[in-house]
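So the structure is just underneath, and the comments pick up after that.
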Amino acid sequence: FLAAFDGGLSVVSHDRAFLDRTVTRIAEINPWTATVREFAGGWSEYQARRDEARRAAYAAFEQAQQRRRELADLFARRRNEARTLGAGLGEKTGGADRRGTNALRTKVRQAERLLQRNDLPEKPFEPWELQLSLRSGERLGDVVVRLDGAVAERGPFRLGPLDLDLLPGERLAVTGRNGSGKSTLLALLLGEIPLAAGTRMLGRSTVLGSLEQTRLGGSEPLLDAVRAATGLTAVDARTLLAKFGLGAEHVLRPTGSLSPGERTRARLAELQARGVNCLVLDEPTNHLDLEAIEQLEAALAGYDGTAVVVSHDRRFLERFAPTREFAL
């Protein structure tokens, strides 16, 4: 539809593949400077030009800092030379010495003026980075989770019977239409809903961790919720949450009062602390900004445990690189 639409289009989306296919220009809002900068092309072109512009801005800022350090060193040397010469001459100085002293003082003033005129450019915006390091924890056995003739019922909806062996190191993508039961299957794997029929077997050393569409909530303070889930001390929990952009202004707030993105980051912090070896991700990119999505992809790329994902983000699924697909 949009490909055939010949009118103007303004869109807000986190779907990078969609942006590549539909837009010809991207406007980036910089939260640091409250300015808008435009880039021609779709998401891929924007990403390349944005990264190039950032590298150039960082290089210019570093060059300006180095120049300012050099001028500050020059000013300090000239000033020390003038002081040393003045102290050595005392009251018995002759005309030539006085002229030399005056010339040196002139150089000091020149160096000082150069330093004053050398204003640093504004420091480039440094976006918050998701500092996520996923460890796979204890080595898994032959099977992570097994469903044998499993049936789930949620009201009138019935899923199954299903047979599924989830293997160590496997990356499973669960696909299907909306309403086909993808989230229900994940709940079965996690043991969150009872079986109407069949069996579920959990591997002896399996440590499950999930990122659901509905993340955290309630009246419990964030710090207490994370400590209860991880066993961390208050100091260690605060340090962990700070790495995920959740500082002092967040940790004592009720989890239900946090934004969806903040709750997602808190859940990711918990998963990191627990060292899970089987990740179950239900629409993990929901409520994350695009840069955080890219950082999540990078973290998953280095994860050697088992992972199961449901996602409508085509680019995320490509980067996830599933080893198997389970279609409903």
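Residue 81 is where the sequence shown starts when you use the numbering used here, and the numbers rise one by one after that.
Ideal Cβ positions, reconstructed from N, Cα and C, are used throughout, including at glycine.
Remember, it's a predicted structure, so these values are computed and weren't measured experimentally.
Mind checking residue i: buried by the 16 CB within 10 Å criterion, or exposed?
i	result
L332	exposed
G382	exposed
Q352	buried
V92	exposed
Q146	exposed
D393	buried
R158	buried
D243	exposed
P364	buried
T344	buried
V315	exposed
I41	There is simply no residue 41 to check, as the chain begins at 81 and stops at 408 in what is shown.
A387	buried
Report the rounded CA-to-CA distance for residue i versus residue j, giving the unit in angstroms.
i	j	result
E171	T164	No answer about E171 holds up, because its pLDDT of 49 lies below 50 and its placement is not dependable.
G325	E342	8 angstroms
L252	V360	9 angstroms
R404	D86	40 angstroms
R347	E329	17 angstroms
A322	D245	37 angstroms
H367	E377	15 angstroms
S50	V254	What is shown of the chain runs 81 to 408, which leaves residue 50 out entirely.
V306	T319	12 angstroms
G256	R96	21 angstroms
A407	A267	16 angstroms
R117	L288	42 angstroms
M281	C358	14 angstroms
S285	L270	14 angstroms
E108	P236	45 angstroms
S124	H94	13 angstroms
A83	A144	46 angstroms
E398	E142	36 angstroms
Y126	G298	39 angstroms
S391	T115	32 angstroms
Where does the unbroken beta strand (DSSP E) through residue i begin, and where does it stop?
i	result
A232	V225 to R234
S263	Counting along the chain, S263 falls outside any beta strand (DSSP E), though it belongs to the alpha helix (DSSP H) covering K262 to L270.
V360	C358 to D362
L288	L288 to L291
Since residue i and residue j should fall inside the 8 angstroms C-beta cutoff, what is the C-beta to C-beta distance between them, to a whole number of angstroms?
i	j	result
G283	V356	Not really, about 13 angstroms apart at Cβ, beyond 8 angstroms.
R129	F119	5 angstroms
R354	T310	6 angstroms
E371	T335	Not quite, the Cβ-Cβ distance comes to about 24 angstroms (not below 8 angstroms), so this is no contact.
T409	L239	For the chain, the structure presents residues 81 to 408; residue 409 sits outside this window and is missing.
F396	I373	7 angstroms
G229	D384	31 angstroms between Cβ atoms; not a contact.
D222	L291	At roughly 26 angstroms, the Cβ-Cβ gap does not stay under 8 angstroms, so D222 and L291 are not in contact.
G30	T104	There is simply no residue 30 to check, as the chain begins at 81 and stops at 408 in what is shown.
A276	A317	Going by Cβ atoms, the distance from A276 to A317 rounds to 39 angstroms, so no, they are not a contact pair.
Could you tell me the boundaries of the alpha helix (DSSP H) in which residue i lies?
i	result
V306	L302 to T310
E405	First-last for E405: R404 to A407, but that is the beta strand (DSSP E), not the alpha helix (DSSP H).
T102	R96 to T102
V388	Premise fails: V388 lies in the beta strand (DSSP E), T386 to V390, not in any alpha helix (DSSP H).
E374	L370 to A381
D316	A314 to A322
E398	R394 to F400
According to DSSP, what are the bridge partners of residue i?
i	result
E118	A107
P334	P301
D245	R226
L255	First, the residue type needs correcting, since residue 255 is Thr and not Leu in the sequence shown. T255 pairs with A407.
G283	Answer is none; G283 lacks a bridge partner.
G341	Paired residue(s): none; G341 is not in a bridge.
S90	Paired residue(s): none; S90 is not in a bridge.
L82	DSSP lists no partner for L82.
R238	E233
A277	V231
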